[in-house]
Each structure stands twice: as structure tokens, then as C-alpha cells.
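See below:
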């Protein structure tokens, strides 16, 4: 079959993908010829997701490893699947119901709503799977898993035991006392009315205000307030009857339990232990709270005093826990001021007793929201609270001076101190509403009881985290771990397997029947909450391999080999998988964790919709082909670095695809076919390229084994483009017409076969297409044999001779370009000096040198006027160019180029010598700047050398 002039990526990708799937090319164990296994678990994308550039990067690296091992005969499994994504999925389905003007989930009830979600999943849930297939991901799609498979209500086609695994682990950990229910402060999303994880919170800088208020001392007491400077000199001394605080959330003052100051803060030492009045609420029930000491307040920030509202701030919660301060909840699940519980008068009385140190027991029914604020939105309540405090004269004020422009009269008035400044505010990444710290009853994992094996596994090297720097993140989080909130107030997810009787007793069981057996004769009600998706995805390796059943897949593929993931979920997912697998299966879930960087735009900025710099990988695939995108991402996957991606980078590598295609067409036109055995050629050029092929294969294997993906891509690019498509193709042209024609055809066919094989893990489509077009093959390249070539194939003499020839040709070409010699001009090549080795290489390869360097037959002679010097190892040459260039014009051109390069280099030197640049710039930016300067200095040296040569002509 004659090859087309160009590679039609769109048509070929669809056709090849279909054929791979038809023959089961991705199936676990396909092409296995050795006993070793290689297992990779895909980080399961959300079922609501669509492919973004991070997915493309992550899955390309996984696919390279899997294809590489599969071709080497390993029994491979790349396990695909999706996460049920509780909040995201519930949001998508509720939004669709609203768009269709259907009744809401509360109107139709839980079972009907979950049924709608399953219907949506059947209809739209495979979007990202199909997109990954377009990228070329060779997962075993027949094993596609789902973190809700086997759950009650799951339709046909969603069979599996993932749900059973999740429930079994919950019950087991509950019975061990590792899972428990209790009150704790959590991130609360008022839109979805559920607790969410830190990962689902997006901190944004927004315009905000800081209000300053006075808390009067009880009974009209006063004290001497003294401020001193760093040297101890008094800068302010006055009598005060209050202590001031600052807050960005005045509505939470209603729930204050204390005012805290640092133990070392001498300003407040006279009043520590006294009571102060909260400056809001009905005057007849105005509450008093104590002034306490704690290490949390910063004496140098603001007034140094902070209000402690333990039920509505994470830092305050810690202070309250340490000091026995009651926690008073103010908000309902929708973010409005509470309207339930006791009356304000009753609540204030209980809180006042607690402030005096009395034991008042459970305060969950205490509602310290005044009657006129109950049921009000939190932000409306904030305005009302500020207005009330200001009207009462308890806002901290400053003296404002204003001059009338017309009369010059001076007016003085006191105004409240309100700092308008940017603040960091937490938002729900799905809902977009402001998140509230909320004190609620939740289910928790006592992570301190299961954390140590996860720490030990990495410390001992049973699991290795690469690059090394990410171990710090892993250790820091696990060594300071807090209880893990695993319950969510949603309807989509694994429902908590706990039932309650009328007295509130708990019965944890794998099924309602088991729970009822534990509570004979009692009416049971199931906990309505579902499990956090991180709990179920934390069991991903085990759950996808059939645990708790002792399946053959579990025995064969667990522990898995490599997890490829992003740095942002090391603690949210990686660490939790480690803890859970070690607790449940007593083994690590994976032996290596490779952590890649974040794909940024070409300027190094983080991609975001608001910036308008998001790159759609599927658009790049449409424009340039999947191979070009994959190769680009691989070439940028330097360990510990964030890739900087733009369309121009992918376009460059589309040219690489074209280069390989054109080299193959050249071979075809010269009668070259693949599929033959490795030849044993006599010609130096052919012996040299076989050695170069062995060399790049060994480098590629070493790079992939070390997860240096960029080195593998860079080495293959230099070899295929430079050594094969440029040098070898040019060297081979005259050989096709000589006595070594057949061995050259055999060698070129074999070399191209090795190129296809080595590039296949990175560029699977074009290599599969070329493999099929260039020979009679017994199987597709995806199951082709990975080359096995060693250093014994490197012919030292051929290697030395051809590399000498290449160096000489490049030196001549560089000199010609530097001096502006016309491309068509053929120059004399005068040998002024050469040792024996150089003369052998020169004599044996003179025709190649003459043709590729555009020179006449080399001749001995001496350098003279109008000549420039070039050299190769062991030899010196002269090129007469005086008669073919305008010396004066070239001198002027090079002088101008030196001036510009000098100016640019000076700018870079100044930047590097600037202390601020050295302190503030990222290490990568500094390295890039240093590299640019080094390259410029090399250019300047070459330009000046050329000028020196022109001056001597």
C-alpha cells in the first residue's frame, strides 16, 4: 500500500482506537509473556467531569508506563473508573430538574431523586471516559469501576461490590471504635446544606470590612491602659472602661463565650479574669463573658484582644476547647440566624450561668439570637448588628476633621473605625456561596489510631514518593492529623449504615435486617447522612479488585505498582488510601507515588476561567492530533516542575509527527520495508545507526524506569529527528544506489521499526499506523515486542567515525551561516592539519562530507588570506570565503548582532544581581534566566570569534 502524503490524525485515531478495543488490546494480562505484574489505578475522575488539561497530563503519563510495560511482556492492569462525586452530581441533577421545571428533590423524596441520578448517570456519566479514549488511554475499559456500584437502587449494568466494600469497612471501623459520632466544627455549605472537605473549599480574596467594637467592663469598672514602644517607653496612658476587639463577622458576636488576650500582654493584665459585656442584644438580657488568656491572640496585631466564638471559627474552636468555653451555635443549615431552640431570655440566662463557671450541660438548645434577628439571613443580620452597636455608641471611633471649601470652617466629628480591606473568604467550590464553620453532629474517623502504619510505610521505603519534596507534605499532614469528618448531608452517596431506636441507641450493621436482628422488636430509623466521597475513593485499589472477596485479581494485582497523581491531593486522597488500605488489608496500596506538577499557561500562570487562559485538550487534539499533545506533555514532564503549555508547543510536536511520517515515506519510496530481523551490516553508516539505536533505547529505558518522562521524550526526539530523519536519511541516499543498497534497506527498515516501538508509549496512533503500513505484521504494535538492545551493538569505530563526520559537517554549516555564505555556494575544503584517525574518517566519508557540507573534494594546504578556520577532533580546516561574501557588510551585521546580544545579556545580569529578584522569583524562573544568559554569552563568544576571523581576512 502506498502511503498518503500526510498523516490524517482524525481519521486514524478513530479507526485505530476501534481496532484496539475490538481485539481487547487493553485487557488485563493482554500480551503477557512473563510472570511479573504491573498495576496502575487511575485517579477516578468525577462522573460529572469532562477532560481538562490536568487529566490529559496525568493520564498520558500513566498510559506511557502501562504501554511500556505491556510491550515488555508484563501482565498489566490499568484500572479505570469514576467517582460518584456526591455534591457535584447532586448539583448537576438538581439543576437539570430545575431547568425542566420538574418538582424538586424534597418534593419527590429521596428514593425517587436517587433514581433520577442513576438515570442521569446512565445517560451522561461516561463523557470523560469517552474523552480519555480519544487521548489514547489504554485502560482495561471492560473493568470500568464506579464508586457506587452495587449500591441499593443501582440499575442493571451497575453491578459490582464497591458498595459492599465501603459498608464493610465502615462497620469494621465502627466496631473497633475508630469511627464514631460527635459534635465538631466543620466547613458547612449553606447552599447544599452539608459539611464539605477542605478540598471543596476555595479561598478567595474579596473586598471586606473590619469593624472595631468596645466590650464594656462589667459594673462600670475601669483600668489603666498603657501602651509602650519597643524600648519600653510609654506612648499612651489612659483610663478605660472597655476592651476593644476587631471582627469581619459582627453577627457572630452573639455567640461569644469569652474575650482572649495573650498571657504576656501587659496592657490587659489588670483585667484578666474580669467580666465584659457583649455590646449587642436586648439590654435587659445583656450577657457577660470572661476575659481569659491563651497563646492564640497576637499582641502585635490590632488591639491584641480577640473575641472567642467557638461554634463559628476554627481557631476560636481550639481556644474554646482548651479553656472549657461553651459553644453556642447561631446559624441554621441554610446560613440564616437560628429560629429554633429556647427563647432568647432563657438562652441568655443559661449562658450567663455558664460564663460564671457553672456546669449547664448540653447547650445545643440554647439560641442566643435575639427575637428580632431570628430567621434573618446572616448578611442581613450583620448589617443590623453593626447598626445597633454603632447607635449605642460602642463602636471604636476616630476624630474626623473636615474643612468647608467656601467658608473655611472646621468641623470635627467622631466616626466609627471601619477598615475596608481585602480579606480571604472561603467559598464552596461547587455552590459558590460563602462557607460557614458550623458545629454539627457528624461521623468521624479517629485517624490518630490508623495513621502510624501510613507514616512508617513511607519512612521505611515500602512506598516511595517522588519527587522527594512531596514527602514533606505527606508527613506534615499525617503527623499533625485531625479527626476526619466522613459524613455528608446529601442523598447521593453511600448511606451511613447506622440505625437508631426511639431512645437514640445506635446499631451499626451491613444491612437493615442485621440491624433489626441486633434490636429485636424495636422500630429503627436509618441515619440519613451519606459518606464523604473521599471515604469510598480511599478504598479504590481494594474495591476495584473485588475485596472483600479473595478474588484472583486481588491476589495478582494488589498491592499496585504506581499511582500517578497531582500534588494537590497528596493528603486528601493519597494519604487516606495509605491509611485505609493498611488498616483493612494490612498492606500498602501502591509501591510508588509519582507526583506531577500543575499544567500552567505558556506564561507560567495558573489556568482559570476568570483569566480566560484555560486550554481545552480536546481542541488541541482536534487541531494537532493526540500524538502531538501527548508528546508535548511528556516532554514537559520534568520531575518537580510545572509544565508551561501553549498551542505553539503542540504545533512544534505535530511537526515531529510529520517528520517521522515523511522519513517513512522516503524509506517506502526507496524500497524499504519493516518487519525484518536485525541486520548485521558492513557499511560504517549502517553500523553506526544500529549503535545509536541501542544507545537511545538504553537511555529511554533508564529514563522511564526513573519516571524522567521529559528525558525519555527529549532523547527520542533528538534521536528520531536528528540522527534518523536528518543524518541517517541523508547518509543513506547515496547508499541506495551502491553495493550496500540491500543492507541499507534492511537497516533502515529495522531502525524505523525500533523508532515506532520506542515512540509508541508516547505517540501511540501515528506509530501504530506506520507499523501497519510498513510491513507484514503478526500483531498490532500495541502488543509488539519492546526492543532488547545492549551496548554490544555500539560499534566503537563506526561510532567514532560517523560522529566525527557529523561534527565536521555541522562546523562547516555553522561557519557558512555565521559568515553569510550563500546557500548555493560550493566552497573548497582545505586540510591544514589532520591526524591519522581524522584522515581515515575524512577519506572514507568524503562524498558525504562534500554533499552535505556543500564543499569540494578535501585537499591539503595552508590557511591564507580570505579564509576562515573550522575544526573537528584531530583536524583543522580552512574555508576560502573572501570571494563569495561582502566582508564589510558581514562585519557590520555581526557587529550589530554583538551589540544587541551584549545589551540583552547586561539586562539579564542586572536582573540576576538584583537581591529582590533572587529573593522573590521562583527557582524555575531564576534557572531560566541563568540559562538565557548562558546561551547569550555563548552567542556573543561565537559572534566575536567570527568578527576576529573577518578582521584577519
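In the numbering used here, the protein residues as written are 3 to 955.
Positions of the beta carbon are idealized from the N, C-alpha and C atoms, including for glycine.
Option nearest residue i by Cα separation, candidates the options
i           : options               : result
residue 864 : 879, 872 and 854      : 879
residue 634 : 621, 159, 651 and 619 : 651
residue 461 : 103, 259, 887 and 593 : 593
residue 873 : 835, 293, 539 and 543 : 835
residue 931 : 55, 946, 65 and 906   : 906
residue 806 : 843, 795 and 771      : 843
residue 343 : 368, 323 and 364      : 368
residue 960 : 786, 180 and 85       : Since the first and last residues shown for the chain are 3 and 955, residue 960 lies out of range.
residue 449 : 241, 532, 178 and 94  : 178
residue 620 : 774, 136, 128 and 15  : 136
residue 527 : 538, 539 and 514      : 514
residue 165 : 106, 499, 43 and 53   : 499
residue 452 : 582, 213 and 182      : 582
residue 81  : 562, 876 and 793      : 562
residue 115 : 284, 519, 482 and 91  : 91
Delimiting residues of the beta strand (DSSP E) encompassing residue i
i           : result
residue 80  : 77 to 81
residue 626 : No beta strand (DSSP E) contains residue 626, which is instead part of the alpha helix (DSSP H) from 619 to 626.
residue 835 : 832 to 836
residue 730 : Where residue 730 is concerned, there is no enclosing beta strand (DSSP E), given that its DSSP letter is neither H nor E.
residue 413 : 412 to 418
residue 508 : 508 to 510
residue 901 : No beta strand (DSSP E) contains residue 901, which is instead part of the alpha helix (DSSP H) from 889 to 915.
residue 216 : 203 to 218
Cβ-based burial, residue i [other Cβ within 10 Å; buried from 16]
i           : result
residue 610 : exposed
residue 60  : buried
residue 432 : buried
residue 412 : exposed
residue 927 : exposed
residue 790 : exposed
residue 858 : exposed
residue 671 : exposed
residue 687 : buried
residue 370 : buried
residue 992 : Since the first residue shown for the chain is 3 and the last is 955, residue 992 is missing from the structure and cannot be characterised.
residue 861 : exposed
residue 2   : No answer is possible for residue 2: the residues shown for the chain start at 3 and end at 955.
Below-8 Å beta-carbon distance, residue i vs any chain B residue
i           : result
residue 821 : Absent from the structure is chain B; it holds one protein chain and no more.
Assumed close pair residue i, residue j - CB separation to whole angstroms, cut-off 8 Å
i           : j           : result
residue 330 : residue 353 : 7 Å
residue 130 : residue 47  : 5 Å
residue 446 : residue 186 : 7 Å
residue 278 : residue 219 : 6 Å
residue 210 : residue 148 : That pair is no contact at about 42 Å.
residue 388 : residue 56  : At roughly 42 Å, the Cβ-Cβ gap does not stay under 8 Å, so residue 388 and residue 56 are not in contact.
residue 208 : residue 437 : The Cβ separation is near 13 Å, so there is no contact.
residue 259 : residue 327 : 4 Å
residue 840 : residue 877 : 4 Å
Residue i CB to nearest heavy atom of the ligand HEM below 7 Å
i           : result
residue 866 : Ligands are entirely absent from the displayed structure, and the ligand HEM is therefore not among its contents.
Where the alpha helix (DSSP H) containing residue i begins and where it ends
i           : result
residue 458 : 454 to 462
residue 581 : 577 to 586
residue 406 : Here residue 406 belongs to no alpha helix (DSSP H), and DSSP marks it neither H nor E.
residue 766 : 766 to 775
residue 550 : Counting along the chain, residue 550 falls outside any alpha helix (DSSP H), and DSSP gives it neither H nor E.
Discussion item. Does the structure place the stretch 408 to 415 close enough to the stretch 382 to 393 that three or more beta carbon pairs sit under 8 Å?
Written reply: no
Worksheet item: Counting pairs of beta carbons, one from the stretch 912 to 923 and one from the stretch 842 to 849, are three or more of them closer than 8 Å?
Response: no
Practice prompt. Determine contact between the stretch 211 to 223 and the stretch 456 to 472, defined as no fewer than three beta-carbon pairs at a distance below 8 Å.
Written response: no
Worksheet item: Does the stretch 720 to 729 come close enough to the stretch 654 to 671 to have 3 or more Cβ pairs within less than 8 Å?
Response: yes
Fill in: Three or more C-beta pairs below 8 Å linking the stretch 150 to 164 and the stretch 181 to 198
no
Item to complete: Indicate whether the contact test is met: 3 or more Cβ pairs, each with one atom in the stretch 599 to 607 and one in the stretch 675 to 687, closer than 8 Å.
Response: no
Worksheet item: Contact between the stretch 250 to 266 and the stretch 293 to 301: three or more CB pairs below 8 Å?
Response: yes
Worksheet entry | the stretch 64 to 84 in contact with the stretch 102 to 114 per 3-pair CB rule at 8 Å | no
Fill in: the stretch 163 to 172 contacting the stretch 542 to 554, beta-carbon criterion three pairs below 8 Å
yes
Worksheet item: Pairing CB atoms from the stretch 771 to 784 with CB atoms from the stretch 695 to 710, are three or more of them under 8 Å?
Response: no
Worksheet item: Does the stretch 710 to 717 come close enough to the stretch 822 to 831 to have 3 or more Cβ pairs within less than 8 Å?
Response: no
Practice prompt. Spell out a yes or no on whether the stretch 557 to 572 and the stretch 224 to 240 are touching, meaning 3 or more CB-CB pairs, one atom from each, closer than 8 Å.
Written response: no
Discussion item. Can you confirm whether the stretch 242 to 249 touches the stretch 298 to 305 when touching is taken to mean that 3 or more C-beta pairs between the two stretches lie within less than 8 Å?
Written reply: yes
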